[in-house]
Structure formats: structure tokens, C-alpha cells
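Chemist: Protein sequences appear in the order of chains A and L.
Residue numbering for the first sequence follows my numbering, starting at 12 and increasing by one per position.
Residue numbering for the second sequence follows my numbering, starting at 12 and increasing by one per position.
Note that CB positions come from ideal geometry on N, CA and C, so glycine has one too.
The model shown is predicted, which means the values in this text are computed figures rather than measured ones.
Sending over a structure as C-alpha cells; questions will come in a sec.
Protein chains: 2
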Amino acid sequence: MTKDVDRGEIEKPATINDVALRAQVSKKTVSRVINRVPTVDEKIRDRVTNAIRELGFRPNPQARSLAFRRSFLVGLVYDNPSPAYVVNLLEGILDALAGSGFELVVHPCDHQSTTLLDNVEEFVERQRLAGVILPPPLSENEMLVGLLRVKACPYVRISSLALDEPPAMVVTNDHLGAEEAAQQFAQLGHRRIGLVRGPPSFRSADVRAKGFLDTLLKHGITVDPARDVAGSYTFESGLDAGHRLLAMPAPPSAIFAMNDEMALGVMQAARERGLELPRDLSLIGFDDLPMAARVWPNLTSVRLPIREMGQLAARKLLATMGNQQSPDQQQSEVRPVLVMRDSVVPWEG
Amino acid sequence: MTKDVDRGEIEKPATINDVALRAQVSKKTVSRVINRVPTVDEKIRDRVTNAIRELGFRPNPQARSLAFRRSFLVGLVYDNPSPAYVVNLLEGILDALAGSGFELVVHPCDHQSTTLLDNVEEFVERQRLAGVILPPPLSENEMLVGLLRVKACPYVRISSLALDEPPAMVVTNDHLGAEEAAQQFAQLGHRRIGLVRGPPSFRSADVRAKGFLDTLLKHGITVDPARDVAGSYTFESGLDAGHRLLAMPAPPSAIFAMNDEMALGVMQAARERGLELPRDLSLIGFDDLPMAARVWPNLTSVRLPIREMGQLAARKLLATMGNQQSPDQQQSEVRPVLVMRDSVVPWEG
DNA sequence: CTGAAAGCGCTTACAG
DNA sequence: CTGAAAGCGCTTACAG
């Protein structure tokens with residue numbers, strides 16, 4: 012018997028049968044211990060736990076999956092243009108999944124595709140996914156979420172709005188970040204303020220715009236509709252919007268671009284027009300991409316704690332999947348912060 | 012029987028038994044068809060294929076994994092600081108894996124950690140990984156690769172050098188990109204040329220430096236050792252190196268930073284010293300990160316076809332795992348290209 | 001609170 | 001070229 016111990020894990024890995032034999036119990040009892048079934052006699056539990064440790068036993072996830080009719084795979088289904096967002100989220104999820112026995116399977120897709128639903132359904136069914144994490148904009152697709160509900164596939168949605176029950180939701184409160192941006196401009200004396208919106212297909216676009224405009228209003232500032240222009244969260248749309256805003260007879264002295272990509276486009280537009288930042292234009296972005304701290308001037312931007320969002324989402328998912336002790340009272344909300352850099356200065360009236 | 016067809020896949024999914032029943036063969040024969048065993052009578056094969064289609068049967072990966080003693084999961088084990096690199100590689104891998112029945116499991120780790128080997132071993136064993144893809148710098152860790160070999164876990168390495176047999180290797184030929192950079196500088200008349208190296212722990216650092224210096228030499232240009240400085244592939248190290256180079260009595264008129272992060276650091280240093288780019292300094296980076304096209308001036312940079320590298324790596328892995336028709340003659344090499352932008356100008360002698 | 005039997009959906013090893 | 005039996009390593013459903 013001790014032979015097995017000495018040989019360590021070099022030999023064929025121990026199975027539930029080996030543990031049962033050594034602990035002098037049935038494999039069913041070992042199974043109960045593995046799955047933390049509470050109704051196991053303490054002494055027996057200890058015997059089993061020791062045997063598990065001595066044999067270096069780790070339950071085979073494939074066998075469990077087959078018997079459970081459900082895998083130990085969590086899917087990250089995304090369609091996000093920002094690599095930094097994806098990787099940070101992914102690493103946050105992995106932080107929380109570490110040691111849980113679950114693995115993360117990534118599944119990028121196209122949120123505009125007509126086959127999106129079939130694609131995700133096939134993925135969920137084939138792998139019998141234990142759960143799915145949905146960042147925006149997929150998290151805002153009610154058809155997709157409905158599909159998961161029908162399939163009884165646990166999920167957690169990440170969005171700027173509380174679109175679902177708390178156990179299935181991480182709310183990012185983007186409006187708070189937009190409010191900080193507005194406050195910043197207002198306090199520094201800016202009055203002619205421009206806004207570059209995101210695409211209406213993202214809920215965050217509305218949320219950010221509303222938070223920004225409402226807060227300016229509290230400071231007695233209204234944004235001229237002509238200075239409230241549409242963008243699509245891309246660099247090019249920011250460039251274009253920047254040119255439109257800066258070509259106006261009375262151009263804004265400060266612009267809030269609702270993501271960093273567009274903010275960089277605005278920066279480029281300003282430069283193409285011979286303006287100097289931040290002297291001629293104050294600028295705030297949203298996302299705090301790595302490049303925000305690399306461009307010149309360094310871009311002031313609103314940062315979402317993306318890694319933490321991933322951790323929260325994964326913890327909630329673990330709870331829903333019944334693998335956690337504290338299923339209920341978990342934090343559901345996260346708040347963005349304004350990261351001050353060099354692209355904002357007081358208005359020189 | 013047709014009932015099953017009409018109900019589609021809403022009901023409990025069809026199993027190999029259902030297919031066997033409908034095709035009037037044993038389940039073993041169905042198994043042979045699934046696994047493309049050639050020695051199946053053509054008529055029988057057709058019967059089975061039809062039954063599979065009619066029932067919408069898809070083999071259960073968990074059951075196959077258990078019986079095969081090997082999962083259908085491919086691991087991407089990485090420790091790369093660039094989110095864009097990771098996401099592009101990942102999507103390339105997924106391109107090639109699509110429809111193969113394999114899924115991708117991501118496993119970030121710390122290449123400096125003392126527990127790296129145990130960590131990866133545990134991951135590979137637990138999930139009985141079908142294969143692993145290793146980008147740099149992990150691909151250059153011979154201990155890690157040795158471990159995978161011992162475990163008989165198929166792998167593909169991505170590196171700037173051919174460190175392994177072609178079926179297990181995607182070679183990126185970084186020296187070619189560095190050569191292009193050197194050529195560019197030489198042709199534009201630069202003679203006082205600076206170089207910011209990567210850390211010696213990355214093979215690419217040597218490869219890029221050698222390609223660059225050798226090519227300059229062919230043009231009769233030697234780099235003064237004082238202008239050949241060390242960096243560590245980080246922004247900060249680039250900033251620091253930039254200051255050192257630009258503080259020299261005869262500063263370089265052109266600098267090749269061996270990745271974009273450092274190139275941006277050099278840009279920052281130049282600006283802090285009151286220099287104007289590209290007038291006072293020409294600059295080339297490596298990687299072509301998204302921000303290379305977002306900074307001002309747009310950064311000329313060497314681009315590796317990362318997504319394609321992911322595709323190649325995954326195809327090779329599929330071949331090794333015995334899931335491919337053309338196991339041998341596959342492309343193994345990839346070549347970088349110099350993407351011309353605005354950060355390089357002729358030397359004004 | 002514990003266990004013997006049957007089963008999850010496949011493949012391996014062996015016959016024929 | 002095809003198949004019946006046993007098995008992969010677990011869990012479910014049912015007893016006791």
C-alpha cells in the first residue's frame with residue numbers, strides 16, 4: 012500500500028476505487044466526500060480525506076462530467092474589440108476559478124452575425140457548459156440570455172445596467188465615471204463642452220451620456236446639441252467626430268469621448284487641425300486602455316476595474332453552479348474611477 | 012423513428028446507441044465511422060452517416076474523453092505582457108480549431124515562478140490535455156518542453172528560432188523584420204544609429220539584435236557599443252534607454268527599439284528632452300501593437316502575423332494529435348513585415 | 001448514515 | 001470487415 016505513496020504520481024493516477032479500498036469504504040462514500048455531501052460521519056470523512064491525500068487522488072473531470080451530464084468548463088463568450096478588456100477579464104475570471112476545478116474555455120463570436128444564437132447554442136450544448144460569462148455587448152442581448160435560460164445554463168452578465176437578478180449580474184455603473192468626467196470639466200471652468208457618443212447598440216453608450224449630461228446640468232451647463240455627436244467606439248469615428256466638433260465656429264474647449272479609442276481619434280483630429288493639447292482642448296476618455304498612459308499628452312480616462320469584474324462574475328457563477336459556500340450576499344456592483352493624467356487643464360477664459 | 016427527426020434536437024440528444032439502432036449496425040461500427048477508421052464497408056458507412064445526420068447526432072466529448080483517456084481540450088499556456096498578442100494568437104488558434112471538435116482552454120502563468128513546472132504539469136494531467144500551444148517566452152523554456160515530452164503531451168512551440176522539429180514549431184523569423192528596419196535606416200542615410208535591446212531571457216531579443224546589426228554592417232555601418240543599450244521590453248525601460256541615448260554628446264539620429272512598448276518609451280524620452288519626432292529622431296519599433304497606429308507620429312513598426320501564427324500552430328497541433336489529413340508538409344515559418352508609418356524620415360546631413 | 005447495482009456515452013481489446 | 005463484452009471513472013437512483 013505504501014508503495015503507491017512512494018511512487019508518487021508518476022504511476023497511473025489513483026482513482027476513486029483506490030481511495031475506497033484504502034479508506035475501507037464504498038466508492039459512493041468517497042464520492043460523497045468529494046462532493047461535500049454533509050451527511051458523512053466525521054470519522055469516515057477523515058479516513059477518506061487522508062486516503063485522498065496519501066494517494067494524491069484528484070477526481071477525473073471527464074468521468075465526473077459524463078456522470079453529472081455537465082462539464083466543468085466555463086465559457087467566456089465575447090465580442091469585444093479591445094484586447095486589453097478581454098485579457099484582463101479573462102485573467103480575473105481565472106483568478107476566481109483557480110482551485111475550483113473549473114476551466115475557462117474562450118469563445119469569441121460576432122454579435123452582429125445572424126448565426127450567433129445557433130453558434131452559442133451549439134457551443135453550450137456540445138460542451139455541456141457548466142456556465143457562461145457574458146461581457147457587453149453580448150450581455151445585453153436578451154435573445155441570447157433567453158436561450159441560456161431555456162437551456163438551464165447558468166450565466167453571469169456584465170453590463171452598465173442591472174439587467175438581471177443580482178446573482179446573474181455584475182453592474183459596472185458607468186454613469187459614475189461619466190459623472191466624474193463632467194464634474195472635472197465643470198470645476199475647471201469649461202462651459203463649451205463637447206461629447207462623442209458610443210453606438211446605441213451598447214447600453215453603456217446611453218448610460219455614459221446620461222451620467223455626463225445630467226451632472227453638467229447640475230452645474231448649470233447644457234451641452235449644445237450640435238456639440239453632442241455620434242461615434243461608434245472606433246478610432247475612425249472619433250477622428251471624424253473630432254473634426255466635426257473642432258471645425259465649429261465656437262468649438263468646445265473640452266471633449267468627453269465615451270471611450271479611449273475615440274478619444275485618440277479626437278486627439279488626432281486636433282493635431283491635424285494644428286491644435287495643441289491640452290492647451291487648446293481638454294479631453295477625457297473612457298476605458299483607460301494601456302495606450303492612454305502612452306500617448307502624449309497622457310490621456311485622462313475613466314477606468315473600469317475589469318479584472319475585478321472578471322473575478323466577481325466568476326465568483327457569482329461558482330455560487331450559481333452550487334460550488335460555493337456563500338451563494339447569496341455577494342457584491343454585485345463595481346465603480347469606475349477617473350484616472351487623472353495630463354490631457355485636462357482649466358479653461359483659460 | 013421519424014418522430015425523433017421531427018422533434019429535432021430539443022429532446023435528449025441522440026447517442027451512439029440511437030445511431031446504431033437506426034443504421035442497423037453495432038455501436039462499434041458507428042464508433043469506427045466517427046473516428047474515420049478506413050476499413051468500413053462503403054455502404055455501411057453511408058447508412059451510418061445518414062443516420063447520424065438524420066438524428067443530428069454529435070458524439071459526446073466527455074464520453075469520448077473518458078474512453079480515450081484524453082480530452083478534446085487544447086491548452087494555450089502563456090505569459091505574455093501584450094494583450095493584443097494574446098488575443099490575436101487566441102483567435103488564430105480558434106480559427107483553425109473551428110469544427111475540429113477541440114476547444115481552447117487558456118492558462119496564463121508566470122514564467123519566472125518557481126512553481127511554473129508543477130503548475131503546468133497539474134494542468135496538463137488534470138485535464139488530460141490533447142495538446143498545448145506555447146508562445147514565447149514559455150516556448151523557449153526547455154524544462155517545460157521536456158516535461159510535456161515526458162507526459163507525451165503533444166505541443167507546438169512558437170519562437171523566433173527553430174528550437175524543435177518542424178511539426179512542433181512555428182518559426183517567426185524575427186531577424187527578417189530587424190533586417191528590414193536596418194535597411195530602412197541605412198537607405199535613408201542614417202549613420203549614428205541607436206539600438207534598444209530586449210531582455211536576454213527572450214530569444215527574440217538576440218535574434219532581432221543580430222539581424223539588425225548584421226544588416227547595418229553589410230551597409231558598412233557599425234553601431235557604437237555606447238549606442239547599443241539594454242531594455243526589458245517595458246515602456247519604462249524604453250523611457251530610460253531613450254534618455255541615455257539622447258543625452259549622449261552625439262545622440263543617434265535613428266533608433267530601433269526592439270518592441271513597441273520600448274519605442275513608445277523612447278518617444279516619451281525624446282519629447283521630455285524637447286525633441287520633435289520624426290524631425291530630430293527617426294524611430295522604428297517591433298510588434299505593431301494597436302497603439303503604434305494611434306500615437307503621434309504614427310510609429311513605423313515590424314509586424315508579426317500573429318493571428319496566422321496561431322492558425323499555423325493549431326493546424327500543426329491537430330496534425331500531431333492525429334486529427335488531420337496532411338500531417339507532414341505544412342508551412343512552419345512566418346515572416347514579419349515592416350509597416351511604414353510616419354516616425355522615420357531621411358537623415359538631414 | 002452507507003453501499004451494491006446500474007448507468008453516463010463512448011472506446012479498447014479481443015473474437016470471428 | 002463487423003460485433004459482443006468489458007471498461008474508462010465517476011454519479012444517480014434505490015435500498016437498507
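1. Going along the chain, which residues of its own chain have a beta-carbon closer than 8 Å to the beta-carbon of L/S37, five neighbours each way excluded?
2. Look at the Cβ atom of A/L127, then the Cβ atom of A/C120, and state whether they are nearer than 8 Å.
3. What three-state label does DSSP hand A/G200 in the structure shown?
4. Measuring only the C-alpha atoms, how far is L/G49 from L/R33?
5. Classify A/D239 as helix, strand or coil using the three-state DSSP reduction.
6. Give the secondary structure of L/T60 by DSSP, where H, G and I count as helix, E and B as strand, and everything else as coil.
7. Which value, in whole angstroms, describes the spacing of the CA atoms of L/D271 and A/Q123?
8. Indicate whether A/P210 and A/R238 have their beta-carbon atoms separated by less than 8 Å.
9. So who's on the other strand from L/A265, going by DSSP bridges?
10. Run the CB neighbour count on L/T40, radius 10 Å, all protein chains shown included, and call it buried at 16 or more, exposed below.
11. Closer than 7 Å by C-beta to L/V97: which residues in its own chain qualify, once you throw out the five before and the five after it? Chain order, please.
12. Hey, L/D298 and L/S76 are a contact pair by Cβ (cut 8 Å); roughly how many whole angstroms apart?
13. Judging by CA-CA distance, which residue of A/R314, A/R56, A/A330, A/K23 is the nearest neighbour of A/H186?
14. What residues from chain L crowd round A/F246, counting only those whose CB sits closer than 7 Å?
15. Run the CB neighbour count on L/T233, radius 10 Å, all protein chains shown included, and call it buried at 16 or more, exposed below.
16. Using 10 angstroms around the beta-carbon of L/E151, count the other beta-carbons present and answer buried if the total reaches 16, otherwise exposed.
17. Which residues in chain L sit within 8 Å of A/A74, going by Cβ to Cβ distance?
18. Does DSSP classify L/I21 as helix, strand or coil?
19. Is there a Cβ of chain L sitting closer than 8 Å to that of A/R64, yes or no?
20. Just checking, does the region 214 to 221 of chain A make contact with the region 246 to 260 of chain A on the three C-beta pairs under 8 Å criterion?
21. Between L/F196 and the rest of its own chain, which residues show a CB-CB distance below 6 Å, the 5 nearest in sequence each way excluded?
22. From the DSSP secondary-structure annotation, give me the bridge partner or partners of L/I144.
23. For A/D235, count neighbouring Cβ atoms within 10 angstroms of its own Cβ and tell me buried if that reaches 16, exposed if not.
24. Run the CB neighbour count on L/Q342, radius 10 Å, all protein chains shown included, and call it buried at 16 or more, exposed below.
25. If you drop the 5 nearest sequence neighbours on each side, which residues of the same chain put their C-beta closer than 7 Å to that of L/A216?
26. Does the region 311 to 331 of chain A come within contact of the region 287 to 306 of chain L, defined as at least 3 CB pairs closer than 8 Å?
27. Step through the CB atoms of chain L and report whether any lies within less than 8 Å of the CB of A/R290.
28. Taking CB distances under 8 Å as the criterion, tell me whether A/L105 reaches chain L.
29. What residue range does the alpha helix (DSSP H) around L/P119 cover?
30. In this structure, does DSSP put A/M332 in helix, strand or coil?
31. Counting only beta-carbon separations shorter than 8 Å, does L/L101 have a partner in chain A?
32. Tell me which residue opens and which closes the beta strand (DSSP E) that A/V348 is part of.
33. Do the CB positions of A/R346 and A/N184 come within less than 8 Å of each other?
34. Cutting at 7 Å between CB atoms, please list the residues of its own chain near A/S42, excluding the five before and the five after it.
35. To which residues does DSSP link A/R314 through a beta bridge?
36. On the DSSP bridge list, what partners appear for A/M180?
Modeler: Reading off the structure:
1. For the purposes of this step, residue 37 of chain L is identified with residue 26 of the second sequence, where counting begins at 1. A31, listed in sequence order.
2. Against the first sequence, residue 127 of chain A aligns to sequence position 116. Against the first sequence, residue 120 of chain A aligns to sequence position 109. Taking 8 Å as the Cβ cut-off, A/L127 and A/C120 qualify as a contacting pair.
3. Here the question's residue 200 of chain A lines up with position 189 in the first sequence. Coil.
4. For the purposes of this step, residue 49 of chain L is identified with residue 38 of the second sequence, where counting begins at 1. For the purposes of this step, residue 33 of chain L is identified with residue 22 of the second sequence, where counting begins at 1. According to the sequence shown, residue 49 of chain L is Pro rather than Gly. C-alpha separation (whole angstroms): 21 Å.
5. For the purposes of this step, residue 239 of chain A is taken as the residue at position 228 of the first sequence. Looking at A/D239 - three-state DSSP - the assignment turns out to be strand.
6. In the second sequence, the residue the question calls residue 60 of chain L occupies position 49. If DSSP states are grouped into helix, strand and coil, L/T60 belongs with the helices.
7. Numbered from its first residue, the second sequence carries residue 271 of chain L at position 260. Numbered from its first residue, the first sequence carries residue 123 of chain A at position 112. C-alpha separation (whole angstroms): 32 Å.
8. The residue labelled residue 210 of chain A in the question sits at position 199 within the first sequence. The residue labelled residue 238 of chain A in the question sits at position 227 within the first sequence. No, these two residues do not count as a Cβ contact at 8 Å.
9. Taking the first residue of the second sequence as 1, we reach residue 265 of chain L at position 254. DSSP lists L/I204, L/S293 as partners of L/A265.
10. Residue 40 of chain L sits at position 29 when you count from the first residue of the second sequence. The residue in question, L/T40, is buried, as its Cβ has 16 or more Cβ neighbours within 10 Å.
11. For the purposes of this step, residue 97 of chain L is taken as residue 86 along the second sequence, with counting starting at 1. The residues Y89, N91, in chain order, have a CB closer than 7 Å to that of L/V97 in the same chain once the five nearest residues on each side in sequence are set aside.
12. Position 287 of the second sequence holds residue 298 of chain L. Position 65 of the second sequence holds residue 76 of chain L. Actually they do not touch by this definition, with Cβ atoms about 37 Å apart.
13. Numbered from its first residue, the first sequence carries residue 186 of chain A at position 175. Of A/R314, A/R56, A/A330, A/K23, the residue nearest in Cα terms is A/R314.
14. Walking along the first sequence from the start, residue 246 of chain A turns up at place 235. Neighbours of A/F246 on chain L, chain order: R305.
15. For the purposes of this step, residue 233 of chain L is taken as residue 222 along the second sequence, with counting starting at 1. When all chains shown are included, L/T233 counts as exposed.
16. Along the second sequence, one-based indexing puts residue 151 of chain L at 140. Buried, since its Cβ has 16 or more Cβ neighbours within 10 Å.
17. Along the first sequence, read from residue 1 onward, the residue named residue 74 of chain A stands at position 63. L77, listed in chain order.
18. The residue you call residue 21 of chain L lines up with position 10 of the second sequence. Residue confidence for L/I21 is low, a pLDDT of 47 falling below 50, so the modelled location carries little weight; the figure read from the coordinates is stated next. In the structure shown, L/I21 sits in coil (DSSP, three-state: anything other than H, G, I, E or B).
19. Position 53 of the first sequence, counted from the start, is the residue given in the question as residue 64 of chain A. Not one chain L Cβ lies under 8 Å of A/R64.
20. no
21. Indexing the second sequence from 1 puts residue 196 of chain L at position 185. Same-chain partners within the cutoff: I204, A265.
22. Residue numbering aside, residue 144 of chain L sits at position 133 when the second sequence is read from its first letter. According to DSSP, which records beta bridges pairwise, L/I144 is partnered with L/L87, L/V167.
23. For the purposes of this step, residue 235 of chain A is taken as residue 224 along the first sequence, with counting starting at 1. Under this definition A/D235 is an exposed residue.
24. The residue labelled residue 342 of chain L in the question sits at position 331 within the second sequence. Flag for L/Q342 reads exposed.
25. As a position in the second sequence, residue 216 of chain L is number 205, starting the count at 1. The answer, listed in chain order, is R208, G209, P210, M269.
26. no
27. Here residue 290 of chain A is taken as the residue at index 279 of the first sequence, counted from 1. Answer no: the Cβ-Cβ gap between A/R290 and chain L never drops below 8 Å.
28. Walking along the first sequence from the start, residue 105 of chain A turns up at place 94. So, interface residue.
29. Reading the second sequence from its first residue, position 108 is the one you call residue 119 of chain L. That residue, L/P119, is in no alpha helix (DSSP H); its beta strand (DSSP E) goes 114 to 119.
30. On the first sequence, residue 332 of chain A is found 321 positions in, with the first residue counted as 1. A/M332 sits in coil when the DSSP states are folded into three classes, being neither helix nor strand.
31. Residue numbering aside, residue 101 of chain L sits at position 90 when the second sequence is read from its first letter. So yes, L/L101 belongs to the interface.
32. Working through the first sequence from its first residue, we reach residue 348 of chain A at position 337. Residues 348 to 350.
33. If you number the first sequence from 1, residue 346 of chain A lands on position 335. If you number the first sequence from 1, residue 184 of chain A lands on position 173. Yes; because the gap between Cβ atoms is below 8 Å, this pair is in contact.
34. In the first sequence, the residue the question calls residue 42 of chain A occupies position 31. Cβ neighbours of A/S42 beyond the five flanking positions: I27.
35. Numbered from its first residue, the first sequence carries residue 314 of chain A at position 303. BP columns for A/R314 point to A/V348.
36. Taking the first sequence and counting its residues from 1, one reaches residue 180 of chain A at position 169. According to DSSP, which records beta bridges pairwise, A/M180 is partnered with A/R168.
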